[in-house]
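Worksheet: one structure, shown below.
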Amino acid sequence: MLVIHCEKLNDMQKTLIIAEAGVNHNGDINIAKLLIDFASDAKVDIVKFQTFKADKIVSKSARKANYQLETTENNDEFQYSMLKKLELSKEDHLVLKKYAEKKNIEFLSTAFDIESIDLLVELGITLFKIPSGEITNLPYLEKIGDVATKVIISTGMCEMKEIIDAVNVIKKQGLSHEDIIILHCNTEYPTPMNDVNLMAMVSIKEETNLTVGYSDHTLGIEVPIAAVALGAKVIEKHFTFDRNADGPDHKASLEPDELKAMVSAIRNIEIALGYKTKTVTESEKKNISIARKSIHVLETIKAGESIQLEKLAMLRPGDGISPMRVPEIVGKVALYDLFSGHKIKMEDIK
């Protein structure tokens, strides 16, 4: 399945939708399977988890972010113990990857350390997602550039220069321009609307000429839908089995029905975006004569009388002479009496 999606990243006829399960499994493999069920039912393209060893990504003195303090029930102020409980083992990864294949959905995970990158390579992963927090991690970027065939980069907390620097590192390791996708992102959970800055995605596209998308942390589904309308080719969105569950990311995640609604809306927007050419569609052709108008007689015009504008009315239906041809009609002579309400035909005048 991964090969298909890597080809799709070149073609990009449809939006690639990534359902971010992340750590919302709470360290429970059965909950992780349930999240795959929900993602499959919503018909997303990829279900994505997170791969890390707490010892490799955080010091024991690193404090939790405010949103993590607010969304985890214990009083521990440090990240380490929280993350330790959320690790997935190699065996967990194998089980989940196989289960995702059974559910006809692609399995992906974001690695947060070098050892975890190696684990994903061992699992046959070639599409790598770089999280926002690693965009300034040079050894990490170089490793990704060495092993990936496609790379998706989130850009939360970034200035444009940092994005360009990271892209250059990836390219230096051998990846081409076409192999890199940039996701606009804001790293606040949930992201307030006034900080979304969705037009920055457009600026990233203009600045880098890379394929762009959007990784969303807002509440609701309207912002990712708007991103697709603005040209996002990849959408990533956190989802959960229960937004009220204990854990750092549940509060800023969609519940299953919302995920399904987002996917449906995005697929509709893809269709609605159309093909740029402004033309009459098949569905509306039948309404042309109903909605438009034709030139009619307002007041009776006698035979031999010169036709004047004040004796004409523009009325539906529009299956007669178009009002755009009024200059051709005014000044012509009626060949016979034309009564009020009559739809003028060219054979009525000379």
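Mind the numbering: the sequence shown is residues 21 to 370 in the numbering used here, read in order. Glycine is no exception: its CB is placed at the ideal position from the N, C-alpha and C atoms. These numbers were taken from a predicted model, which means no experiment stands behind them.
(1) So, is Ile310 buried or exposed, given that buried needs 16 or more other C-beta atoms within 10 angstroms?
(2) Just to confirm the assignment, what range does the beta strand (DSSP E) spanning Leu335 have?
(3) Could you spell out where the alpha helix (DSSP H) holding Ala246 opens and where it closes?
(4) Would you mind working out which of Glu179, Phe98 and Ala323 sits nearest Ser79, comparing C-alpha positions?
(5) Taking buried to mean at least 16 other C-beta atoms within 10 Å of its own C-beta, is Phe127 buried or exposed?
(6) With a cut-off of 8 Å, do at least 3 Cβ pairs link the stretch 223–237 to the stretch 195–203?
(7) Is the Cβ-Cβ distance between Leu335 and Lys365 less than 7 Å?
(8) State buried or exposed for Gly324, treating a residue as buried only when at least 16 other CB atoms are found within 10 Å of its CB.
(9) For the alpha helix (DSSP H) holding Glu179, just list the boundary residues, first then last.
(10) Roughly how many angstroms separate the alpha carbons of Glu302 and Lys296, rounded to a whole number?
(11) Could you compute how far the alpha carbon of Ala354 sits from the alpha carbon of Ile245?
(12) Return helix, strand or coil for Leu22, following the three-state DSSP convention.
(13) For the ligand MG, is there a heavy atom less than 6 Å away from the beta-carbon of Leu355?
(14) Using 8 Å as the threshold, is the stretch 33–50 in touch with the stretch 105–115, meaning 3 or more CB pairs across them?
(15) Closest to Lys331 by CA distance: which of Pro337, Ala247, Arg345 and Ile315 is it?
(16) Quick check on DSSP: helix, strand or coil for Gly284?
(17) Along the alpha helix (DSSP H) that carries Phe58, what are the first and last residues, could you check?
(18) Looking at the structure shown, is Thr228 part of a helix, part of a strand, or coil, going by DSSP?
(19) Find the nearest neighbour of Pro347 within the set Cys205, Glu275 and Leu329, judged by alpha-carbon distance.
(20) Looking at the secondary structure, which residues open and close the beta strand (DSSP E) in which His316 lies?
(21) Quick one: Cα of Ala281 to Cα of Leu274, how far?
The answer reads as follows:
(1) exposed
(2) Leu332 to Leu335
(3) Glu242 to Ala249
(4) Phe98
(5) A residue is called buried when at least 16 other Cβ atoms come within 10 angstroms of its Cβ; Phe127 meets this threshold and is buried.
(6) Cβ pair count under 8 Å is three or more, so yes.
(7) no
(8) exposed
(9) No alpha helix (DSSP H) holds Glu179; DSSP gives it neither H nor E.
(10) 16 Å
(11) 58 Å
(12) Confidence at Leu22 is low in this model, with a pLDDT of 41, below 50, so its placement is unreliable and the value that follows should be read with caution. Correct three-state label for Leu22: helix.
(13) In terms of ligand content, the structure shown is empty, and the ligand MG therefore cannot be addressed.
(14) yes
(15) Ile315
(16) For the sequence presented, residue 284 should be read as Ser rather than Gly. In the structure shown, Ser284 adopts helical secondary structure according to DSSP, grouped into three states.
(17) Ile49 to Ala62
(18) Of the three classes helix, strand and coil, the one that applies to Thr228 here is helix, per DSSP.
(19) Leu329
(20) Ser314 to Val317
(21) 10 Å
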